[in-house]
Amino acid sequence: MDMEKYELEHIEKLRAIAPECMVLLKSDGSFPLSEPCKIALYGNGARHTIKGGTGSGDVNVKHFVTVEEGLENAGFSITSKAWLGSYDVKLSEAREKFNAGIKSRLKGMKPHEAIFILETVMPEPDYDLPLDAEGDTAIYVLTRNSGEGADRNVVPGDFELSETEIRDILRLQDSYEKFMLVLNVGGVTDLSPVVDKVQNILLLSQTGMTIGDSFADVLLGKSYPSGKLTSTWAAWDDYCHEGSFGDADDVKYSEGIYVGYRYFDTAGKNPIFPFGYGLGYADFAFAVESVTLEGAKVTVDARVSNIGRHPGKEVMQLYVSVPAGRFDQPSQTLAAFAKTDELLPGEEQVISLRFAMYELASFDEKISCALLERGDYVLRLGNSSRNTVVCGVVRLGDTTLVERLSDSGGLADPTWSPDNPVRLPNPEPLRVLELNAVDVMRLRPEMHEHDSNALKIAASLTDEELAKLCVGGYDGAGEGGMIGNSGIAVAGAAGETSGILRDRGIEPLIMADGPAGLRLSREYGVDENGVYAIGGSGPFDGKQDMMPDEMLAEFKKFDAPERHGEIHEQNCSALPIGTALAQSWNTELCELCGDIVGDEMERFGVNLWLAPAMNIHRFPLCGRNFEYFSEDPLISGKIAAALTRGVQKHPGCGVTLKHFACNNQEFNRLRSNSVLSQRALRDIYLRGFRIAVEEGRPAAVMTSYNLINGEHSSQREDLLETVLRSEWGFKGVVMSDWVMPDFAEGGEEHKYPGACANGSVGAGNDVMMPGCEQDYQNILKALGDKTCEYPLTRKRLEKSAARVIALSMKLNKARKESKN
Ligand code: BGC
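Take the numbering used here: the final residue in the sequence shown is number 1370, and no numbers are missing along the way.
Spelled out as structure tokens, the structure:
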């Protein structure tokens, strides 16, 4: 296959990166194999491997390597071709039946009502095919897909294993000498029916375009898995069911701060695989070298030794048990982590884990402040959340106010907390470090957000021009576009800002999706009207077989007229999905991934990457969890900051942290209301964003579709202007998630309306994306009309337009200069 130099370089880097994102969950030492051999390959993911989930995060690549292909590339001889062929037949029969079912559900519906149904993922079918392929080694690749617009379901073949899968996996474990279950999944699958019996389990995850080759490298020990879980894997019944999930209107986060391991540890539930867990081919021992406190900064040095027979890398994790008093507290909270370099057998390394005590403060809703309560903060060092040793205690004599914050985010009912919280054992500590209360005060960032030149330009514009700058590519580009594909300057880009100031040298900002790489259309044409995308990159491509004829005809209206002209390619690299990147627990590796994306952004003329996506894995069924990093805000924030640094070192490139905030389910995502306490909001759902803003300095933030405590997140001035900007020092552009007029306003009756442009811009959501006539009119109507629900002042509009102008000037100037 013909490839350019940059493509080959990116592939080579990604092939080496992917194994670090894989997690070895069980091992009896049968793997790695010493050489390529005859291999019996089974399972839905063997040939139909998934490189990343579906939706706007799916990257259009020239080619990606499936597991079957990767094994063959590496010299394995696959003996189960008959099984793979028969499975294909079963799959296409099941797909036909499934599509017919969807088609009949969609009869009589309007396209905008169909969007969520079209996203429904087909559960795995049942079948009975002989498992008799030759060889003494078998691999079963289990796949699950999910994506935007639909959540996962607790049914066999989706969250649960199907009867066929359970039967086949257990048979293979019994009948082959060496057997590995390989999980090509984007999130948790309930493995309880097989986990005790199967001896080798690898979470391959969805690790991008080199997935098959990288897997073969791991199987042969040319590389090794060194990832750890960033979310707890448990049986369905053991998840926290205190709050609600999947409700159309109000989704109650009654579990409060008890998300993920914070719940499992404190409620005394045993997961299948705990947070932070992962094996490698190597074995490691660790010991505490030193624990120090300087001001508020804690440093734990850990000595890690490879005591095994293979090379590997280990991730050390530092947890803290925060004393409960006025606040209830989870048994432990992740405070820091660090990964070793590659250690050969017999090698050791001392690594440092650092954090500041004020990062452990809890938000007090009564006084809107962050506090550290008096007592003993017990430090626990380990290589998973369930394998730690106490390594010291930081003692705080008096309850201390760390930071004055604001009463932001609205109010919810009081939340649940476990009746008998588990307190982890606290043996007589070796080291007690006294913390001085004055050291824990957190300083407010300096605010000099406004670019006076941009403000001056904005002040000179008419109301109409200002309104256009605040509604995306309204001057033509956004009109008639579909979600995720409304850009015009770059084919397949998701959108762009208005080009009305082009003649003054202010170019639009071009935005393209992520997070598993850069999403553009792979081929595009150029004719006298400009560029146009070839082949699908819209959300309904590949779904035509599910649509009734009349709906297909409706969609045809969106088709561009026949075009001609020269054809070009823009080949982008598919990275591991967000969860997989986080599973590396390696911020340098993530910076390198950001670098790959930044390089492609520069190459194809994109300014803003619509990623990283960093919502919390609140519940394992969220259809987009695979795009997000973790159930824990610290790891989410650190990984997002690293990706940001990687992208933003490229001139003219910025990231867009999304979806701010509490976008934790897909069902009715435009109008679902996340109801949660301010403490849970601050300490869990906003914390990762704060870390990414403070450490990464992102160019942009995208608000979420949903409401937070009764108001759309894009219409919450308290979160956008007060928390994001004043408290955290964010200085970029805030944009909405992509709202098409039909999707926001049409459809069944719901308790809450969609967000509106005037409400959003008025609250500091600077640009409505992708932008349309209705948004533009809403802004103009609200200007100066004090009687409307969301009035707007010209000053406010100028401020938002100035932010768009400033970012556009900054990024486009940097790009121009780098080219000269
Ligand atoms: C998604 C965003 C995405 C945008 C543009 C929306 O439907 O929620 O994550 O960036 O479309 O494609």
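Note that the Cβ used here is the ideal one computed from N, Cα and C, for glycine as well.
Under DSSP, the beta-bridge partners assigned to N734 are T693. For I901, the uninterrupted beta strand (DSSP E) segment begins and ends at E898 to A906.
Of S577, A906, K747 and S781, the smallest CA-CA separation from L769 is found for S577. Beta-bridge partners assigned by DSSP to W1135: none are found.
A residue is called buried when at least 16 other Cβ atoms come within 10 angstroms of its Cβ; M1252 meets this threshold and is buried. Your pair L752 and E1014 does not check out as a contact, with CB atoms roughly 58 Å apart and the cut at 8 Å. Listed in chain order, the beta strand (DSSP E) runs fully inside the region 1044-1074 are 1060-1063, counting runs of at least 3 residues.
When the alpha-carbon of A886 is set against those of Q879, P873 and L903, the nearest one is in L903.
In the three-state DSSP reduction, S1276 falls in the helix class (H, G or I). Pairing T1129 with N1175 gives a Cβ-Cβ distance under 8 Å. The secondary-structure analysis by DSSP pairs W1159 across a beta bridge with A1062 and V1205.
By the C-beta criterion, the region 854-867 is judged not to be in contact with the region 804-818, since fewer than 3 inter-stretch pairs fall below 8 Å. With a threshold of 7 Å, the Cβ atom of L1160 counts as near the ligand BGC, since some heavy atom of the ligand is closer than that. E698 has its Cβ nearer than 7 Å to a heavy atom of the ligand BGC. Sixteen is the threshold: when 16 or more other Cβ atoms of the shown chains lie within 10 Å of the Cβ of L731, as they do, the residue is buried. Partner residues in the beta bridge of A1083, as assigned by DSSP, are Y1074. In this structure, the C-beta of D1325 stays at least 7 Å away from each heavy atom of the ligand BGC. Excluding the 5 residues flanking it on each side, A835 has same chain C-beta neighbours closer than 7 Å at S855 and I857, in chain order.
With a contact defined as Cβ atoms closer than 8 Å, E923 and T949 qualify at about 5 Å. Sorting G942, K631 and K588 by C-alpha distance to the C-alpha of D686 places K588 at the top. Counting only runs of 3 or more residues that sit fully inside the region 1228-1266, the beta strand (DSSP E) segments are 1250-1253, in chain order.
One thing to note: L929 has its Cβ within 8 Å of the Cβ of G942. The beta carbon of D1287 sits closer than 7 Å to at least one heavy atom of the ligand BGC.
Look at the beta carbons and you see the region 964-975 not touching the region 997-1011: under three pairs across the two are nearer than 8 Å.
Around the beta carbon of G607, 16 or more other beta carbons sit within 10 angstroms, so the residue counts as buried.
Assignment of K889 by DSSP, reduced to helix, strand and coil, places it in the strand class.
Residue pairing by DSSP places S781 opposite no residue, since no beta bridge is assigned to it. Relative to the non-hydrogen atoms of the ligand BGC, the Cβ of H1209 comes within a distance shorter than 7 Å of at least one. Cβ neighbours of V872 within its own chain (closer than 7 Å, five residues either side excluded): Q879, T883, L910 and Y927. Within the region 790-829, the alpha helix (DSSP H) runs of at least 4 residues that lie entirely inside it are, in chain order, 811-817.
Taking the CA atoms as reference points, K1199 sits about 8 Å from G1148. Between the region 762-779 and the region 615-622, the count of C-beta pairs closer than 8 Å reaches three or more; the two stretches touch.
Boundaries of the beta strand (DSSP E) around K588: K588 to Y592. The beta strand (DSSP E) runs of length 3 or more contained entirely in the region 591-678 do not exist; there are none. Distance from the C-beta of D1063 to the nearest heavy atom of the ligand BGC is below 7 Å.
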